[in-house]
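Residue numbers (this note's numbering): 586 to 810.
To keep things clear, I will list the structure first and then write my remarks on it.
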Amino acid sequence: MIDPIQIQRDDNLMVIFLMSMYEMLTSSTRDGSYLAHLNGAQSVIAHRSGSTLQDGNNHLSLLCTHMIVWYLTDLTSPPSLLASWVQQIPFDSALKKRLTCLISTTAAICARLNKHSSTKEVSEVSASDLQEALEIDLELQKWTSDLPTEWKYAGRSPMTHTSRPDWAKKLLTMPGSPDYMHVYSNALAASDWNMYRATRIRLWIQILKFVSRYPSVVNAPALEE
Numbered sequence: 586m587i588d589p590i591q592i593q594r595d596d597n598l599m600v601i602f603l604m605s606m607y608e609m610l611t612s613s614t615r616d617g618s619y620l621a622h623l624n625g626a627q628s629v630i631a632h633r634s635g636s637t638l639q640d641g642n643n644h645l646s647l648l649c650t651h652m653i654v655w656y657l658t659d660l661t662s663p664p665s666l667l668a669s670w671v672q673q674i675p676f677d678s679a680l681k682k683r684l685t686c687l688i689s690t691t692a693a694i695c696a697r698l699n700k701h702s703s704t705k706e707v708s709e710v711s712a713s714d715l716q717e718a719l720e721i722d723l724e725l726q727k728w729t730s731d732l733p734t735e736w737k738y739a740g741r742s743p744m745t746h747t748s749r750p751d752w753a754k755k756l757l758t759m760p761g762s763p764d765y766m767h768v769y770s771n772a773l774a775a776s777d778w779n780m781y782r783a784t785r786i787r788l789w790i791q792i793l794k795f796v797s798r799y800p801s802v803v804n805a806p807a808l809e810e
């Protein structure tokens with residue numbers, strides 16, 4: 586019999602979650618075991634009290650963020666409990682929490698837009714979902730404009746090859762390689778920007794699929810960037 590107290594320990598929680606990540610990265614078939622461990626990690630968090638969720642441990646925010654990203658890539662709406670945990674769990678910064686909440690909302694709207702792809706006719710609900718998707722995209726763009734100066738990237742041109750391995754130097758000198766690079770002040774800033782871009786790419790894939798299916802009813806405004 587599983588001890589409900591022991592299962593809530595941080596080390597047990599991390600083992601369950603990391604097993605799901607390992608299985609997703611290494612398995613050639615989706616047999617469901619990775620999903621069982623992912624759901625298991627969520628169940629462990631669900632057994633914790635509200636005060637425990639707010640104890641300041643950074644690992645909980647990382648776990649919930651990774652879970653939300655998984656739902657985004659799987660085109661599945663995150664469980665409502667997961668979204669509520671994000672609101673309770675402390676993050677390193679308010680901007681990090683805001684980005685995670687936006688990714689959660691994006692995952693939900695992408696799941697709904699993807700579901701509409703199997704219908705033959707557009708409805709008021711699906712058109713409303715498209716409008717919400719465009720509004721979320723604007724919110725994501727606003728997130729970048731609200732970043733502090735030290736969290737924004739700087740463009741550098743030409744590309745520098747200092748301290749790069751030989752294969753990278755050869756790759757970056759080949760035809761078609763980028764002629765400028767983004768430079769970040771720290772690895773966390775680069776990670777946040779990568780999550781932001783990946784989220785918008787996933788969102789726009791679903792928007793464009795919807796637009797291509799129902800071109801006669803879509804009147805999307807031109808968006809920046």
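Note that the Cβ used here is the ideal one computed from N, Cα and C, for glycine as well.
Quick one: what's got a C-beta closer than 6 Å to residue i's C-beta in the same chain, skipping five residues either side?
i, result
"K682", "F676"
"A693", "S662"
In chain order, what residues of the same chain lie with their CB nearer than 8 Å to the CB of residue i, ignoring the 5 residues before and after it?
i, result
"L687", "I721, E724, L725, W728, T784"
"D751", "none"
Are the beta-carbon atoms belonging to residue i and residue j less than 8 Å from one another?
i, j, result
"L680", "L732", "yes"
"P664", "I653", "no"
"S689", "A668", "yes"
"T650", "T691", "no"
"S713", "H701", "no"
"S742", "Y765", "yes"
"M744", "P760", "no"
"W778", "Y738", "yes"
Are there 16 or more other CB atoms within 10 angstroms of the CB of residue i, so buried, or fewer, so exposed?
i, result
"V768", "exposed"
"L793", "exposed"
"R697", "buried"
"L657", "buried"
"W736", "buried"
"Q791", "buried"
"E809", "Here E809 scores only 41 on pLDDT, less than 50, and its place in the model should not be relied on; the value that follows carries that caveat. Exposed: under 16 other Cβ atoms inside 10 Å."
"L715", "buried"
"W670", "buried"
How many whole angstroms separate the CB atoms of residue i and residue j, which I take to be in contact at a CB cut-off of 8 Å?
i, j, result
"R787", "C695", "6 Å"
"S646", "I674", "5 Å"
"L757", "N699", "Actually they are not in contact, since the Cβ atoms of L757 and N699 sit about 36 Å apart, beyond 8 Å."
Just to confirm my understanding: we take residue i, look at its own chain, exclude 5 residues before and 5 after, and list those with CB closer than 7 Å. What are they?
i, result
"A775", "Y769"
"R798", "S702"
"A753", "none"
Within the region 724-805, ranges of the beta strand (DSSP E) (whole runs, at least 3 residues): List check, beta strand (DSSP E) in window: 739-741, 766-768.
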